[in-house]
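Colleague: Position in the sequence shown (from 1) plus 29 gives the number in my numbering.
The beta-carbon is built from N, C-alpha and C at its ideal position, and this holds for glycine as well.
Encoded as structure tokens, here's the structure I'll be asking about.
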Amino acid sequence: MMKKLVLASGSPRRKELLSQLGHSFTVVRTDVEESQSSDESPKQYVARLSKDKALAGLALASEAVVIGSDTIVVCDNTVLEKPDDLEHAKQMLMSLSDRCHQVMTAVTVANKERQETVVVTTDVWFKPLSENEIEQYWHTGEPCDKAGSYGIQGIGGRFVTRIEGSYHAVVGLPLFETDQLLHKFL
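In structure tokens form, the structure reads like this:
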């Protein structure tokens, strides 16, 4: 019998990436508390969010195999969330300008018997950014809903000089690792 697959995410990017793996799935939106505790490293934080999302999805679809995922941007061991406003986005993007930062994406696959989580870390280098470039980028609307205030798959990709790791993880779902996990559950 084919097991039902559920993506516990409202992210259109994750939905699009998961569809590339060829599985049919449904999407449920989950609402989990997204605040880092003072004793959590960025890696522990993103892993917990991923797990919390998968378990929240499992509560809505208990017979399914559920995928939960979260992506964070980390600079100098500080998590950069989604921007509150233009000034916040400017501050974040200037901190990423002309240097390397990390993007961590965690994926949890769970069913009612077990769960497994993988965290993929990718190094991303930005070119030097001017305040004018950042303001123009902000006015495209793209940075508003993105951790770290940029999307590598969109206009923000022009800031990236190189990456080491998984491009798909930076977008929101590491395809290789997700596929490996799904083979253990489906």
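What is the DSSP secondary structure of E145, reduced to helix, strand or coil?
Modeller: E145: strand per DSSP, three-state reduction.
Colleague: When the Cα atoms are used, what is the spatial distance from S98 to A83?
Modeller: For S98 and A83, the distance between alpha carbons rounds to 7 Å.
Colleague: Judging by CA-CA distance, which residue of K111, V75 and G180 is the nearest neighbour of T146?
Modeller: When each option's Cα is compared against that of T146, the closest is V75.
Colleague: Going by the CB atoms, is the gap between S40 and V148 shorter than 9 Å?
Modeller: In this structure, S40 does not lie closer than 9 Å to V148 by Cβ.
Colleague: With contact counted as at least three CB pairs below 8 Å, one residue from each stretch, are the segment 121 to 135 and the segment 93 to 113 in contact?
Modeller: Yes: at least three Cβ pairs fall under 8 Å.
Colleague: Give me the Cβ distance between L158 and L109, rounded to the nearest whole Å; I'm assuming they're in contact under 8 Å.
Modeller: About 14 Å; that fails the 8 Å criterion.
Colleague: Which of the three DSSP states, helix, strand or coil, is assigned to L109?
Modeller: Here L109 sits in strand by DSSP.
Colleague: To the nearest angstrom, how far is the alpha carbon of H168 from that of D113?
Modeller: Rounded to the nearest angstrom, the two C-alpha atoms are 14 Å apart.
Colleague: Taking R42 as the reference, give the member of L211, H197, I96 and H52 with the closest Cα.
Modeller: When each option's Cα is compared against that of R42, the closest is H197.
Colleague: Let's test the definition: count the other Cβ atoms within 10 Å of the Cβ of L202 and tell me whether it reaches 16, buried, or not, exposed.
Modeller: The residue in question, L202, is buried, as its Cβ has 16 or more Cβ neighbours within 10 Å.
Colleague: Name, in chain order, the residues that DSSP records as bridge partners for W154.
Modeller: W154 is bridged to C129 and R191.
Colleague: Please look up how many angstroms separate the CB atoms of T151 and E206, rounded, as I've assumed it's under 8 Å.
Modeller: Between E206 and T151 the Cβ distance is about 11 Å, and since that is not below 8 Å, they are no contact.
Colleague: Roughly how many angstroms separate the alpha carbons of T59 and C173, rounded to a whole number?
Modeller: Distance between the alpha carbons of T59 and C173: 20 Å.
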